[in-house]
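**Q** Have a look at this one before I ask anything.
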Amino acid sequence: MSREDLMAMTRALVAHGLRGTMELADAVVRVPAASYTDPGRFEAERRRIFRRLPLMLAPSCELPEPGCYKAMEVVGVPVLLARQRDGAIAAFLNMCTHRGNPLASGRGKASRFTCGYHGWSFGSDGTLLGIASPQDFGVVEKAALCLRRFPSLERAGLIWAILDPASTLSIETALCGYDRLLAHFGFENWILFDQRTLPGPNWKTAYDGYLDFYHLPVLHANTFGRDFFNRANYFAWGPHQRLATPSKFAQRTGATDQIDLSAIPEADWPMDALMQGVWTIFPHVSIASFYGGGVRGAMISQLFPGRTVTESVTTQYYVMERPPETEEQRQGAHDQFAFLKTVVEGEDYATGRRQHEALMSGLLPEVLFGRNERGGQVFHQWVDRVLETDDADLEALFASAQPTVAAAPALAAA
Ligand code: FES
Ligand SMILES: [Fe+2]
155 MSREDLMAMT RALVAHGLRG TMELADAVVR VPAASYTDPG RFEAERRRIF
205 RRLPLMLAPS CELPEPGCYK AMEVVGVPVL LARQRDGAIA AFLNMCTHRG
255 NPLASGRGKA SRFTCGYHGW SFGSDGTLLG IASPQDFGVV EKAALCLRRF
305 PSLERAGLIW AILDPASTLS IETALCGYDR LLAHFGFENW ILFDQRTLPG
355 PNWKTAYDGY LDFYHLPVLH ANTFGRDFFN RANYFAWGPH QRLATPSKFA
405 QRTGATDQID LSAIPEADWP MDALMQGVWT IFPHVSIASF YGGGVRGAMI
455 SQLFPGRTVT ESVTTQYYVM ERPPETEEQR QGAHDQFAFL KTVVEGEDYA
505 TGRRQHEALM SGLLPEVLFG RNERGGQVFH QWVDRVLETD DADLEALFAS
555 AQPTVAAAPA LAAA
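In short: position in the sequence shown from 1, add 154, done, that's the working numbering.
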């Protein structure tokens with residue numbers, strides 16, 4: 155069924171491309187500038203969005219084998235992801251239950267974690283294995299002092315967790331069926347080629363940039379070029395959105411030129427052509443495909459709010475469908491990833507920083523999202539919606555969100 159959805163979307167993109175049209179949102183939407191700059195609202199976003207919704211914390215290939223772990227800090231929460239003996243993923247609060255010291259740091263492989271403060275040790279399944287000098291410590295119930303566990307789910311080669319051990323929200327429900335589409339990348343079989351972490355501006359200012367193509371030929375004139383198409387059609391599964399160019403052309407692995415989808419039978423449309431465009435995962439991830447060195451790759455950008463309203467942090471993962479086999483392929487992938495650093499850091503985030511500082515003046519009351527920028531419209535509507543929704547109603551909020559993809563979008567008049 156999800157392949158049919160991909161076909162329907164591609165059919166619509168090709169049809170729009172042939173007619174020179176795009177899908178437009180109903181109206182221009184205004185967002186108060188204060189929604190970017192207000193520190194109180196920023197705190198609410200950290201708490202009510204990032205501490206209550208599933209977050210995509212790692213591609214599966216970052217923890218490829220049993221025993222692999224990754225420690226990270228997300229909106230002030232120390233998190234430990236650990237692949238279990240049976241291959242399942244567990245997400246823990248990365249705090250020793252003695253006095254709270256973070257147990258692990260960085261990434262690695264381990265069958266147990268020993269706290270660097272007083273030496274308590276925990277299994278990779280979170281069980282408290284041993285207390286240092288137990289004869290002196292006093293009697294405690296070990297079973298009650300295991301690591302605190304977060305709800306987690308691994309789907310489509312990606313790992314999600316909710317940073318609230320008591321959450322009752324189903325991660326599956328919150329994905330709104332989007333994981334079934336993402337599964338067509340086959341990320342569970344890809345490899346992690348490289349990764350880096352970049353500082354950025356306010357998280358919504360930064361994320362807006364992943365949600366439109368409107369800026370591409372202007373802001374990225376010196377990198378992507380002035381001829382880059384600036385139109386996108388949007389497809390949504392609840393708050394999760396795919397942007398793709400309404401065009402008959404698509405890129406294909408190994409091909410230097412784009413392929414003309416209108417010239418080949420639908421049955422022969424290659425899967426990577428069906429997956430083109432940018433796939434965003436609300437509230438903080440964007441996935442874009444690249445072909446550096448001729449091997450299919452994707453940059454997964456994972457964005458988190460920083461400590462203040464003016465800061466964010468982005469980890470970029472460059473994943474590849476298969477390991478580069480030749481030096482040329484390896485260099486090509488490396489160059490592609492280096493190029494994306496220039497684009498994001500030097501253009502998107504540098505602009506976001508200037509834009510956000512200007513908004514902090516408080517003198518521009520609102521910003522606009524045009525009919526051609528539906529991605530930003532939907533994103534900000536969902537931010538508002540989640541902020542307003544009580545814990546008990548979150549499940550229903552996502553359960554009621556219907557995909558807008560199953561049917562091919564009706565064509566606008568040429
Ligand atoms: S805080 Fe971990 S052993 Fe004391
Ligand atoms: Fe950009």
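Glycine included, C-beta positions come from ideal geometry on N, C-alpha and C.
Can a CB atom of chain D be found closer than 8 Å to the CB of residue 238?
**A** Structure shown: chain D not included; a single protein chain is present.
**Q** Quick check on residue 568: does DSSP put it in helix, strand or coil?
**A** Looking up residue 568 in the sequence shown gives position 414. Unreliable positioning characterises residue 568 in this predicted model, as indicated by a pLDDT of 39, which lies under 50. A coordinate reading is not provided.
**Q** Buried or exposed for residue 527, please, with buried defined as at least 16 other CB atoms from any protein chain shown within 10 angstroms of its CB.
**A** Within the sequence shown, numbered from 1, the residue matching residue 527 stands at position 373. Counting Cβ neighbours within 10 Å, residue 527 comes out buried, since at least 16 surround it.
**Q** Which of helix, strand or coil does DSSP assign to residue 474?
**A** Counting from one through the sequence shown, the residue named residue 474 turns up at place 320. Three-state result, residue 474: strand.
**Q** Looking at residue 255 and ligand 1, is the gap between the Cβ and the nearest heavy atom below 7 Å?
**A** To locate residue 255, count along the sequence shown from 1; it is residue 101. For ligand 1, at least one heavy atom lies less than 7 Å from the Cβ of residue 255.
**Q** Residue 235 and residue 211 - do their beta-carbons sit closer together than 8 Å?
**A** As a first step, residue 211 must be located in the sequence shown, where it is residue number 57. As a first step, residue 235 must be located in the sequence shown, where it is residue number 81. Contact flag set, yes.
**Q** Look at the Cβ atom of residue 361, then the Cβ atom of residue 438, and state whether they are nearer than 8 Å.
**A** As a position in the sequence shown, residue 361 is number 207, starting the count at 1. As a position in the sequence shown, residue 438 is number 284, starting the count at 1. Result yes, Cβ atoms of residue 361 and residue 438 sit closer than 8 Å.
**Q** Count the other CB atoms, across all protein chains shown, that sit within 10 Å of the CB of residue 182; report buried if there are 16 or more and exposed otherwise.
**A** Counting from 1 along the sequence shown, the entry for residue 182 is found at position 28. Exposed, because fewer than 16 other Cβ atoms sit within 10 Å of the Cβ of residue 182.
**Q** Distance, Cα to Cα, residue 162 vs residue 555?
**A** On the sequence shown, position 8 is the one that residue 162 refers to. On the sequence shown, position 401 is the one that residue 555 refers to. So the alpha carbons of these two residues sit roughly 20 Å apart.
**Q** Return the Cβ separation of residue 387 and residue 170 in integer angstroms, given the expectation that the two are a contact with Cβ distance under 8 Å.
**A** Here residue 387 refers to the residue found at position 233 of the sequence shown. Here residue 170 refers to the residue found at position 16 of the sequence shown. Rounded, the Cβ-Cβ distance is 6 Å, consistent with contact.
**Q** Any idea if residue 563 is buried or exposed, counting beta-carbon neighbours within 10 angstroms, 16 or more meaning buried?
**A** For the purposes of this step, residue 563 is identified with residue 409 of the sequence shown, where counting begins at 1. Residue placement at residue 563 cannot be trusted, given a pLDDT of 49 that sits under 50; the coordinates are not used to answer.
**Q** State the CB to CB distance for the pair residue 187 and residue 537, rounded to an integer number of angstroms; the pair is presumed to be in contact (CB under 8 Å).
**A** Mapped onto the sequence shown, residue 187 falls at position 33. Mapped onto the sequence shown, residue 537 falls at position 383. Their Cβ separation, rounded to whole angstroms, is 14 Å, which puts residue 187 and residue 537 out of contact at 8 Å.
**Q** Strictly by DSSP, which residues pair up with residue 210?
**A** Walking along the sequence shown from the start, residue 210 turns up at place 56. Answer is 314.
**Q** Can you give the Cα-Cα distance for residue 529 and residue 275, rounded to whole angstroms?
**A** The residue given as residue 529 occupies position 375 in the sequence shown. The residue given as residue 275 occupies position 121 in the sequence shown. Going by the C-alpha atoms only, they are around 46 Å apart.
**Q** Taking the CB atoms as reference points, tell me whether residue 449 and residue 474 lie closer together than 8 Å.
**A** Counted from its first residue, the sequence shown places residue 449 at position 295. Counted from its first residue, the sequence shown places residue 474 at position 320. A contact, by the Cβ cut-off of 8 Å.
**Q** Rounded to a whole number of angstroms, what is the C-alpha to C-alpha distance between residue 532 and residue 393?
**A** Walking along the sequence shown from the start, residue 532 turns up at place 378. Walking along the sequence shown from the start, residue 393 turns up at place 239. Each residue's alpha carbon lies about 7 Å from the other.
**Q** Should residue 369 be counted as a contact of ligand 1 given a C-beta to heavy atom distance under 7 Å?
**A** Here the question's residue 369 lines up with position 215 in the sequence shown. The answer is no for residue 369.
**Q** Compute the Euclidean distance between the alpha carbons of residue 426 and residue 339, then round it to the nearest angstrom.
**A** Counting from 1 along the sequence shown, the entry for residue 426 is found at position 272. Counting from 1 along the sequence shown, the entry for residue 339 is found at position 185. Cα to Cα, the separation comes out at about 8 Å.
**Q** Use the C-beta contact count for residue 491: other C-beta atoms within 10 angstroms, 16 or more gives buried, fewer gives exposed.
**A** Locating residue 491 in the sequence shown gives position 337, counting from the first residue. Label assigned to residue 491: buried.
**Q** What is the C-beta distance between residue 156 and residue 334, in whole angstroms, given that I count them as a contact (C-beta under 8 Å)?
**A** For this step, residue 156 is matched to residue 2 along the sequence shown. For this step, residue 334 is matched to residue 180 along the sequence shown. The pair is a contact, with the Cβ atoms about 4 Å apart (cut-off 8 Å).
**Q** By Cβ distance, which residues of its chain are closer than 8 Å to residue 403, with the 5 residues on each side in sequence left out?
**A** Here residue 403 refers to the residue found at position 249 of the sequence shown. So the qualifying residues of the chain are 171, 412, 413, 414, 415.
**Q** Give me, in chain order, the residues of the same chain whose beta-carbon lies closer than 7 Å to that of residue 326; leave out the 5 immediate sequence neighbours on both sides.
**A** What you label residue 326 is simply residue 172 of the sequence shown in a count that begins at 1. For residue 326, where only same-chain residues beyond five positions count, the Cβ hits under 7 Å are 307.
**Q** Which class does residue 246 belong to by DSSP, given the choice of helix, strand or coil?
**A** Numbered from its first residue, the sequence shown carries residue 246 at position 92. Residue state, collapsed to three classes: strand.
**Q** Please look up how many angstroms separate the CB atoms of residue 317 and residue 216, rounded, as I've assumed it's under 8 Å.
**A** Start at 1 with the first residue of the sequence shown, and residue 317 comes out as number 163. Start at 1 with the first residue of the sequence shown, and residue 216 comes out as number 62. Actually they do not touch by this definition, with Cβ atoms about 18 Å apart.
**Q** Following a CB-centred definition, is residue 529 positioned closer than 7 Å to any heavy atom of ligand 2?
**A** Residue numbering aside, residue 529 sits at position 375 when the sequence shown is read from its first letter. Checking every heavy atom of ligand 2 against the Cβ of residue 529, none is found closer than 7 Å.
**Q** Would you kindly work out how many angstroms separate the C-alpha atoms of residue 460 and residue 356, rounded to a whole number?
**A** What you label residue 460 is simply residue 306 of the sequence shown in a count that begins at 1. What you label residue 356 is simply residue 202 of the sequence shown in a count that begins at 1. Taking the straight line from one Cα to the other gives about 8 Å.
**Q** Quick check: residue 176 and residue 371, are their CB atoms within less than 8 Å of each other?
**A** Locating residue 176 in the sequence shown gives position 22, counting from the first residue. Locating residue 371 in the sequence shown gives position 217, counting from the first residue. Taking 8 Å as the Cβ cut-off, residue 176 and residue 371 do not qualify as a contacting pair.
**Q** Whole-angstrom Cβ separation of residue 190 and residue 488, contact assumed at under 8 Å?
**A** Position 36 of the sequence shown, counted from the start, is the residue given in the question as residue 190. Position 334 of the sequence shown, counted from the start, is the residue given in the question as residue 488. Wrong, their Cβ atoms sit about 35 Å apart, outside the cutoff.
**Q** Are the region 464 to 480 and the region 365 to 379 touching by the rule of at least three beta carbon pairs closer than 8 Å?
**A** Output reads no: the region 365 to 379 does not touch the region 464 to 480.
**Q** In chain order, what residues have a CB nearer than 5 Å to some heavy atom of ligand 2?
**A** Result (chain order): 363, 502.
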